[in-house]
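Enquirer: Its first residue numbered 1, the sequence shown is counted upward by one per residue in full-length UniProt numbering.
For each residue, glycine too, the CB sits at the ideal point set by N, CA and C.
Source: prediction; values computed, not measured.
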Amino acid sequence: MTTTTQKLTFEEYLAYDDGTDTRYELVDGELVPMGLGTGKHGAIIRFVAQQFEQALAQSGRPWVALPGLVGVRSPRGRNWDTSRIPDVTVLTVGQWDALGDREAIINLNEPPPILVVEVVSPTTKTDDYRSKRAEYGLLEIPEYWIVDPLEGKITLCFLEHQFYDSTEFRADDPVQSLTFANLNLTAAQILAGKL
1 MTTTTQKLTF
11 EEYLAYDDGT
21 DTRYELVDGE
31 LVPMGLGTGK
41 HGAIIRFVAQ
51 QFEQALAQSG
61 RPWVALPGLV
71 GVRSPRGRNW
81 DTSRIPDVTV
91 LTVGQWDALG
101 DREAIINLNE
111 PPPILVVEVV
121 SPTTKTDDYR
131 SKRAEYGLLE
141 IPEYWIVDPL
151 EGKITLCFLE
161 HQFYDSTEFR
171 ADDPVQSLTF
181 ANLNLTAAQI
191 LAGKL
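Structure follows, in structure tokens:
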């Protein structure tokens, strides 16, 4: 559902305030409201972010996993007036700190996130599998997870020359991340949002 018919520039999007707490992605210059999703959707996001944070604490990597707190400006068509808000974003602590005094959006001239996760809902399925996959590949995000509770699968996409190669995991399959090699989770655990 699109709430505006007038196209916004990226700068207008950053300044946009409709007086509500609604969060929006910008897609081809149009505001697209982000719903809260189901409780299960939220549980998966929270669980994945927590598991990433635990893995980071064990590995000592100076990274942070953030649930829905960082936007990523991305290409779409011929325009650069799109900004996504992944369900989970992993980036360096330095990059997170650099966002401290400005909008928490990774811009085009900045290094991309290390990993992003999208949890599929009925309204986002096409975008998660197609549009975002293409956009995140062009941005050279090394790893992209598509967690799909509707289909009962997790698709891990690994960047290879601006395109993603992907592997699917279901049920008791151990999820094998290149970024989080020490993560010891099955697809079923992630899809349930709990151990």
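1. Alpha carbons only, please: which of G37, E140, T124 is nearest the one belonging to I106?
2. Quick check: is the beta carbon of G68 nearer than 8 angstroms to any beta carbon in chain B?
3. With respect to the beta strand (DSSP E) encompassing I146, which residues constitute its N-terminal and C-terminal limits?
4. Kindly indicate which three-state DSSP category D81 falls into: helix, strand or coil?
5. Tell me the residue span of the alpha helix (DSSP H) that contains I114.
6. Check whether the segment 163–174 touches the segment 14–31, counting contact only when three or more Cβ pairs, one atom from each stretch, lie closer than 8 angstroms.
7. On the three-state DSSP scale, how would you describe F158?
8. Taking a contact to mean a Cβ-Cβ separation below 8 angstroms, would you say R53 touches A43 in this structure?
9. Note down, one range per segment and in chain order, each beta strand (DSSP E) of at least 3 residues found wholly within the segment 3–77.
10. Would you list the one or two residues that DSSP bridges to R170?
11. Rounded C-beta distance between L69 and A15? I'm assuming under 8 angstroms.
12. Quick check on the burial criterion: 16 or more other C-beta atoms within 10 angstroms. Buried or exposed for G71?
13. Ordered along the chain, which non-local residues of its own chain (more than five positions away) have a Cβ less than 6 angstroms from that of A57?
Expert: Straight from the coordinates:
1. E140
2. No chain B is present in this structure, which holds just one protein chain.
3. 143–148
4. strand
5. Per DSSP, I114 belongs to no alpha helix (DSSP H) and is neither H nor E.
6. no
7. strand
8. With the sequence shown as reference, residue 53 is identified as Glu, and Arg is not the correct amino acid for it. No, the Cβ-Cβ distance between E53 and A43 is not below 8 angstroms.
9. 23–27, 30–34, 63–67, 71–76
10. K153
11. That pair is no contact at about 19 angstroms.
12. buried
13. none
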